[in-house]
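What follows is a single structure, written as structure tokens, with notes after it.
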Amino acid sequence: MSRIFSGIQPSGDLHVGNYLGAVKNWVALQHQFESFFCIVNYHAIIAPYEPADLRRRTHDMAVGLLAAGIDPTVATLYVQSQVPEHTELAWILNTITPLGELERQTQFKDKASRQEQVMAGLLNYPVLQAADILLYRADVVPVGEDQVQHLELSRVVARNWNARFSPDTPFFPEPQPKLTPTRRLVGLDGQAKMSKSLGNTIGLLETPDAIWDKLRPAVTDPARQRKTDPGNPDLCPIIYQLHRAFSPEGTVREVEENCRGAKWGCIDCKKSLLTNLVAELTPIRERATELQSHPERVTEALDIGAAKARVIAHQTLTEVKNKMGLPLA
Ligand code: AMP
Ligand code: TRP
1016 MSRIFSGIQP
1026 SGDLHVGNYL
1036 GAVKNWVALQ
1046 HQFESFFCIV
1056 NYHAIIAPYE
1066 PADLRRRTHD
1076 MAVGLLAAGI
1086 DPTVATLYVQ
1096 SQVPEHTELA
1106 WILNTITPLG
1116 ELERQTQFKD
1126 KASRQEQVMA
1136 GLLNYPVLQA
1146 ADILLYRADV
1156 VPVGEDQVQH
1166 LELSRVVARN
1176 WNARFSPDTP
1186 FFPEPQPKLT
1196 PTRRLVGLDG
1206 QAKMSKSLGN
1216 TIGLLETPDA
1226 IWDKLRPAVT
1236 DPARQRKTDP
1246 GNPDLCPIIY
1256 QLHRAFSPEG
1266 TVREVEENCR
1276 GAKWGCIDCK
1286 KSLLTNLVAE
1296 LTPIRERATE
1306 LQSHPERVTE
1316 ALDIGAAKAR
1326 VIAHQTLTEV
1336 KNKMGLPLA
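Using the working numbering, the first residue of the sequence shown is number 1016, and each one after it goes up by one.
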């Protein structure tokens, strides 16, 4: 069976962008692939943070993933810092990663341009990401579009290491991204990518009332000023994207016709979306509430996941060190 690996930062709350771009796919793929899902807290400490807060956010992310449908008896779900081989392999891979490849990463350039003092970890972030994936020799990485460039780098790293240390039979597969139909969900501002740091999100665990408070004023087709103006659903940045993801096909057609024919106003369309959104999110929210009152179940699932991950991580690193002339303990 092929392997998949993916990671998510412990931001605390999952949002609908993470869900549609990645996590919903993880839930489906866990039954088709041997799956590793990692809460990447070593990636998260690149930004300033409070230790107690990070601990809470890590736990909450595990709750969100389990509630969304990751089954810890099927997939391996764990926290990155519980498997020290990630950072060990990251150092090794740093030695065969060209600096130029790191300097041209869009995310690095964006973030570095907004910081007074840029830490080395920000530059090396994609090397740790490559280590995450290669440690499990994963073939497929289900992510949103913003991670595609990082995966290109992972393939360069795999290729470089194979060429240098395992030229006859490539040891690391070159991991391919797996995108969903919602590879980049726009945020409630109708402009930027939905992202926690931009405050334009719908949280996966928010109540129907809270979601409605956000949806009601959300930006729609800007050319449609009045209900009597015909709209263009393709120009409606988020609502139509969400309908396509959450509503049955018949509803999507109905929305489209009623929008183009000026039969529905945007509020009618949003009400229909709310019904379908809430239908999918309510069971997730209820499972999360249940898990929040049993933190020991979450910790146990993560501990079991880390133990399973370490077995594979140790095997890979043993072979890597052997091939590189690095004595083992
Ligand atoms: P992050 O929260 O940045 O760790 O992202 C976790 C996963 O969600 C990654 O695979 C991202 O590509 C994906 N993701 C985050 N935001 C969005 C978005 N607005 N649309 C689609 N995918 C997203
Ligand atoms: N960089 C990813 C993000 O910000 C998170 C991540 C870390 C990841 N390691 C990974 C994703 C490995 C896929 C595979 O979303």
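Ideal placement from N, C-alpha and C gives every residue a C-beta, glycine not left out.
The structure displayed is predicted, hence computed values, not measured ones.
Annotation for Thr1266: His1258, Ser1287 and Asn1291 place their beta carbon closer than 8 Å to its own, counting only its chain and skipping 5 residues before and after. Between the region 1324 to 1342 and the region 1137 to 1153 there are three or more inter-stretch CB-CB distances shorter than 8 Å, so the stretches are counted as touching. For Ser1021, the shortest C-beta to heavy atom distance toward ligand 2 is below 8 Å.
At a Cβ-Cβ threshold of 9 Å, His1030 and Thr1216 count as neighbours. Judged by their CB atoms, Ala1238 and Asn1247 are nearer to each other than the 9 Å cut-off. At the C-beta level, Leu1200 and Gly1032 come within 9 Å of one another. The DSSP assignment places complete beta strand (DSSP E) segments of no fewer than 3 residues inside the region 1139 to 1224 at 1155 to 1157 and 1191 to 1193, in order along the chain. Taking one beta carbon from each stretch, the region 1037 to 1053 and the region 1118 to 1129 have fewer than 3 pairs nearer than 8 Å; the two do not touch.
Within the same chain, Cβ atoms closer than 7 Å to the Cβ of Pro1252 are found at Val1201, Gly1205 and Val1234, the five residues on either side in sequence being excluded. Approximately 6 Å separates the beta-carbon atoms of Leu1317 and Ala1077; this is inside 8 Å, confirming the contact. Residue side-chain check: Pro1157 places its Cβ nearer than 8 Å to a non-hydrogen atom of ligand 1.
With fewer than three CB-CB distances shorter than 8 Å, the region 1220 to 1229 does not count as touching the region 1166 to 1177. Taking 8 Å as the cut-off, the C-beta of Asn1109 does not count as close to any heavy atom of ligand 1.
Inclusion of Thr1091 and Phe1052 in the CB contact set at 9 Å is warranted, their separation being smaller than that value.
About 28 Å separates the Cβ atoms of His1046 and Leu1143, ruling out a contact at the 8 Å cut-off. For Gly1022, the uninterrupted beta strand (DSSP E) segment begins and ends at Arg1018 to Ile1023. Within the region 1038 to 1110, the alpha helix (DSSP H) runs of at least 4 residues that lie entirely inside it are, in chain order, 1039 to 1044, 1056 to 1059, 1066 to 1083 and 1100 to 1109. Taking 9 Å as the cut-off, the Cβ atoms of Gly1036 and Thr1195 count as close. Your pair Gly1320 and Tyr1093 checks out as a contact, with CB atoms roughly 4 Å apart and the cut at 8 Å.
The alpha-carbon separation between Leu1203 and Cys1284 amounts to approximately 15 Å. A residue is called buried when at least 16 other Cβ atoms come within 10 angstroms of its Cβ; His1309 does not meet this threshold and is exposed. The alpha-carbon of Gly1340 is positioned some 57 Å away from that of Ala1225.
Between Glu1189 and Ser1169, the gap from beta carbon to beta carbon is short of 9 Å.
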